[in-house]
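Numbering (my numbering), first residue to last: 64 to 549. Notes follow once the structure below has been shown.
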Ligand SMILES: [Zn+2]
């Protein structure tokens, strides 16, 4: 049952002829010489699809992705796709379907996740689960992360079928549960329990594809690597007492204060992973005004703070892209301590989100954090690992990478295409563990100009995707899959 709201009645077909004409080059990629009415229908289809999917609340926890998977299965069944919903637990369903190829080429998986993070309606301009279509955008939690990509993957798959494209390899679609809580009940579950249904030599997933606007061109990113993740809890012990006699107690909150000061202010040593170095070299090549800063950064990474502070003045978006990618980070994200106003607490705990670079391991990172805390009374601290994910990488010199580059350069002549390390993690790591080549590639044109600081709306307020980007994404993805698989 979809949420009822005032926006669900808005007809997404109300685009001006002008908007439609601006999108024709991309639409043409997908529908070739089809009449304008059909092109309009495709635009409407992908927009309504996303709007409806947004209205199915899959906030994780608890997820309840089966509801979305069932809706998706019905949508695909209407086009003749046979879908399977695989549940890792009640209501935690992932959807899988496939377009068969002749077997001459490797398989390609179009991967997405159906769950989303929570959204507080009080902070939003629109109801985050309304799927509102207004001002040329589809609004709502998940439009960018990542139901918007589910929508373009489904659209591309349907168009391959409708156009009767003769595929040389299977194209699989998997829309999974549980990514936002680590993927154990989604992608990881599928690979462990029924790999034959989802495994593919090549995988396209979230995490890249967006553009960095340079001086005179756009730079599209393809994520080829991801930082690793270590979530850990530190518990500080003390001795309880009356709040009026602080000298008689040992306040665990004060001990935690030292821990926070130490870990929260930690600045890892800058290191340039191969994907980051290549990204830097490419942007310097594509935009000569960036060259002096980038050269200094590559030659003397230890001076990155001052170089990035300078770069920030002219190119804040580029500085923001680089910052989280050059060092290990440790961020306090949760804290809990104390039970009553007048009791000095004997316990306080905090959770830290640590991200490690390719080449580093999460075990080393935990040891490193413990070492940093030697001055904070290590004997009164305990450590608990909540979740770990090692960093992962795929090579950039593959036929799929090449195809993506060619399609982008056809669609936008003169654009740059660069490999990039993703600071966060995605389900790609599970597939990389199995040997797949995975790229984060959700084709999106930047809505910012050169020098403007980009607003990050994933997991944020008023998350939305422009209809233009939906059509662009569906078209680029369709063309990429078609070229790669025929
Ligand atoms: Zn995501």
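For each residue, glycine too, the CB sits at the ideal point set by N, CA and C.
**OP:** Answer yes or no: do residue 340 and residue 420 have a C-beta to C-beta separation smaller than 8 Å?
**Re:** Here residue 340 is taken as the residue at index 277 of the chain shown, counted from 1. Here residue 420 is taken as the residue at index 357 of the chain shown, counted from 1. No, these two residues do not count as a Cβ contact at 8 Å.
**OP:** Would you decide whether residue 314 is buried or exposed? Buried here means 16 or more other CB atoms lie within 10 Å of its CB.
**Re:** Counting from 1 along the chain shown, the entry for residue 314 is found at position 251. So residue 314 counts as buried.
Subject >> Minimum C-alpha distance to residue 414 - residue among 372, 445, 366 >> reply: As a first step, residue 414 must be located in the chain shown, where it is residue number 351. Minimum Cα distance to residue 414 is reached at 445.
Original post:
Okay, do the region 138–155 and the region 198–211 touch, 3+ Cβ pairs below 8 Å being the bar?
Top reply: no
**OP:** State the beta-bridge partners of residue 452 as determined by DSSP.
**Re:** As a working mapping, residue 452 is identified with position 389 in the chain shown. Per DSSP, 292.
Original post:
Can you tell which of 520, 168, 388, 123 has the C-alpha that lies nearest to the C-alpha of residue 154?
Top reply: Residue mapping note: residue 154 aligns to position 91 of the chain shown, counting from 1. Answer by Cα proximity: 123.
Original post:
Just to check, is the beta-carbon of residue 176 closer than 7 Å to a non-hydrogen atom of ligand 1?
Top reply: By 1-based counting over the chain shown, the position of residue 176 is 113. Yes, the Cβ of residue 176 comes within 7 Å of a heavy atom of ligand 1.
Original post:
Given residue 411, which residues of its chain have a CB within under 6 Å of its CB, disregarding the five upstream and five downstream residues?
Top reply: Here residue 411 refers to the residue found at position 348 when the chain shown is read from its first residue. So the list reads 299, 315, 316, 319, 400, once near-sequence residues are dropped.
Original post:
Less than 7 Å between the CB of residue 209 and some heavy atom of ligand 1, yes or no?
Top reply: Residue 209 sits at position 146 when you count from the first residue of the chain shown. Yes, ligand 1 has a heavy atom inside 7 Å of this Cβ.
Original post:
Which residues share a DSSP beta bridge with residue 184?
Top reply: Taking the first residue of the chain shown as position 1, residue 184 is located at position 121. Answer is none; residue 184 lacks a bridge partner.
**OP:** For residue 216, count neighbouring C-beta atoms within 10 Å of its own C-beta (all shown protein chains included) and say buried if the count is 16 or more, exposed if not.
**Re:** On the chain shown, position 153 is the one that residue 216 refers to. It counts as buried.
Original post:
Taking the Cβ atom as the reference point for each residue, do residue 156 and residue 181 lie within a distance shorter than 8 Å?
Top reply: In the chain shown, counting from the first residue as 1, residue 156 sits at position 93. In the chain shown, counting from the first residue as 1, residue 181 sits at position 118. In this structure, residue 181 does not lie closer than 8 Å to residue 156 by Cβ.
Subject >> residue 479 - DSSP class collapsed to helix/strand/coil >> reply: Within the chain shown, numbered from 1, the residue matching residue 479 stands at position 416. Residue state, collapsed to three classes: strand.
**OP:** With a threshold of 16 other CB atoms inside 10 Å of the CB of residue 205, please say whether the residue is buried or exposed.
**Re:** Position 142 of the chain shown holds residue 205. Buried is the call here.
**OP:** Please say whether residue 485 and residue 250 have beta carbons closer to each other than 8 Å?
**Re:** Translated into the one-based positions of the chain shown, residue 250 becomes position 187. Translated into the one-based positions of the chain shown, residue 485 becomes position 422. No. Outside cutoff.
**OP:** Tell me whether the beta-carbon of residue 537 lies closer than 8 Å to the beta-carbon of residue 109.
**Re:** Here residue 537 corresponds to residue number 474 of the chain shown, with the count starting at 1. Here residue 109 corresponds to residue number 46 of the chain shown, with the count starting at 1. Result yes, Cβ atoms of residue 537 and residue 109 sit closer than 8 Å.
Subject >> Cβ neighbour criterion (16 or more within 10 Å) applied to residue 191 >> reply: The count along the chain shown starts at 1 and reaches residue 191 at position 128. Burial call: buried.
Original post:
In whole angstroms, what separates the C-alpha of residue 102 from that of residue 373?
Top reply: Looking up residue 102 in the chain shown gives position 39. Looking up residue 373 in the chain shown gives position 310. C-alpha separation (whole angstroms): 46 Å.
**OP:** Taking only the alpha-carbon atoms, compute the straight-line gap between residue 375 and residue 476 and give it to the nearest angstrom.
**Re:** As a working mapping, residue 375 is identified with position 312 in the chain shown. As a working mapping, residue 476 is identified with position 413 in the chain shown. Approximately 28 Å between the Cα atoms of the pair.
Original post:
Mind checking residue 504: buried by the 16 CB within 10 Å criterion, or exposed?
Top reply: Here the question's residue 504 lines up with position 441 in the chain shown. Buried, because 16 or more other Cβ atoms sit within 10 Å of the Cβ of residue 504.
Original post:
Does residue 130 get closer than 8 Å to chain B when you measure Cβ to Cβ?
Top reply: Chain labels in this structure do not include chain B; a single protein chain is all it has.
**OP:** Consider the C-beta atom of residue 489 and the heavy atoms of ligand 1; say whether any pair is separated by less than 7 Å.
**Re:** As a working note, residue 489 is residue 426 in the chain shown. Because some heavy atom of ligand 1 lies under 7 Å away, the Cβ of residue 489 counts as near it: yes.
Original post:
Expressed to the nearest angstrom, what Euclidean distance is found between the alpha-carbon atoms of residue 395 and residue 545?
Top reply: Counting from 1 along the chain shown, the entry for residue 395 is found at position 332. Counting from 1 along the chain shown, the entry for residue 545 is found at position 482. Their Cα atoms are separated by approximately 44 Å.
Subject >> Beta-carbon gap between residue 116 and residue 286 smaller than 8 Å >> reply: Looking up residue 116 in the chain shown gives position 53. Looking up residue 286 in the chain shown gives position 223. Cβ atoms of residue 116 and residue 286: not closer than 8 Å.
Subject >> Residues near residue 252 by beta carbon distance below 7 Å, same chain, minus five either side >> reply: By one-based count along the chain shown, residue 252 stands at place 189. Taken in chain order, the residues that qualify are 151.
Original post:
According to DSSP, is residue 158 helix, strand or coil?
Top reply: Indexing the chain shown from 1 puts residue 158 at position 95. Three-state DSSP puts residue 158 in a strand.
Original post:
Taking buried to mean at least 16 other C-beta atoms within 10 Å of its own C-beta, is residue 381 buried or exposed?
Top reply: What you label residue 381 is simply residue 318 of the chain shown in a count that begins at 1. Buried is the call here.
**OP:** Work out the CA separation of residue 281 and residue 363 for me, nearest whole Å.
**Re:** By 1-based counting over the chain shown, the position of residue 363 is 300. By 1-based counting over the chain shown, the position of residue 281 is 218. Put simply, the backbone Cα of residue 363 is about 27 Å away from that of residue 281.
Subject >> DSSP three-state assignment for residue 206, whether helix, strand or coil >> reply: For the purposes of this step, residue 206 is taken as the residue at position 143 of the chain shown. DSSP places residue 206 in coil when its eight states are reduced to three.
Original post:
CB residue 406 to CB residue 306, shorter than 8 Å?
Top reply: Sequence index remark: in the chain shown, residue 406 carries index 343 (1-based). Sequence index remark: in the chain shown, residue 306 carries index 243 (1-based). A contact, by the Cβ cut-off of 8 Å.
Original post:
Is it buried or exposed for residue 393, if we count other Cβ within 10 angstroms and need 16 for buried?
Top reply: Indexing the chain shown from 1 puts residue 393 at position 330. Label assigned to residue 393: buried.
Subject >> Inter-stretch contact at 8 Å, needing at least 3 Cβ pairs: the region 449–456 / the region 421–440 >> reply: yes
Original post:
Would the beta-carbon of residue 326 fall within 8 Å of that of residue 254?
Top reply: Working through the chain shown from its first residue, we reach residue 326 at position 263. Working through the chain shown from its first residue, we reach residue 254 at position 191. The answer is no: Cβ separation not under 8 Å.
Original post:
Between the Cα of residue 224 and the Cα atoms of 275, 242, 260, 145, which residue gives the shortest distance?
Top reply: By one-based count along the chain shown, residue 224 stands at place 161. The shortest Cα separation from residue 224 among 275, 242, 260, 145 belongs to 145.
**OP:** Quick one: measure Cβ to Cβ for residue 167 and residue 231, integer angstroms, because I've assumed they're closer than 8 Å.
**Re:** On the chain shown, position 104 is the one that residue 167 refers to. On the chain shown, position 168 is the one that residue 231 refers to. Going by Cβ atoms, the distance from residue 167 to residue 231 rounds to 4 Å, so yes, they are a contact pair.
Original post:
So what's residue 95 in DSSP terms, helix, strand or just coil?
Top reply: Along the chain shown, read from residue 1 onward, the residue named residue 95 stands at position 32. With a pLDDT of 48 at residue 95, under the threshold of 50, the predicted position of this residue should be treated as unreliable, and no value is reported.
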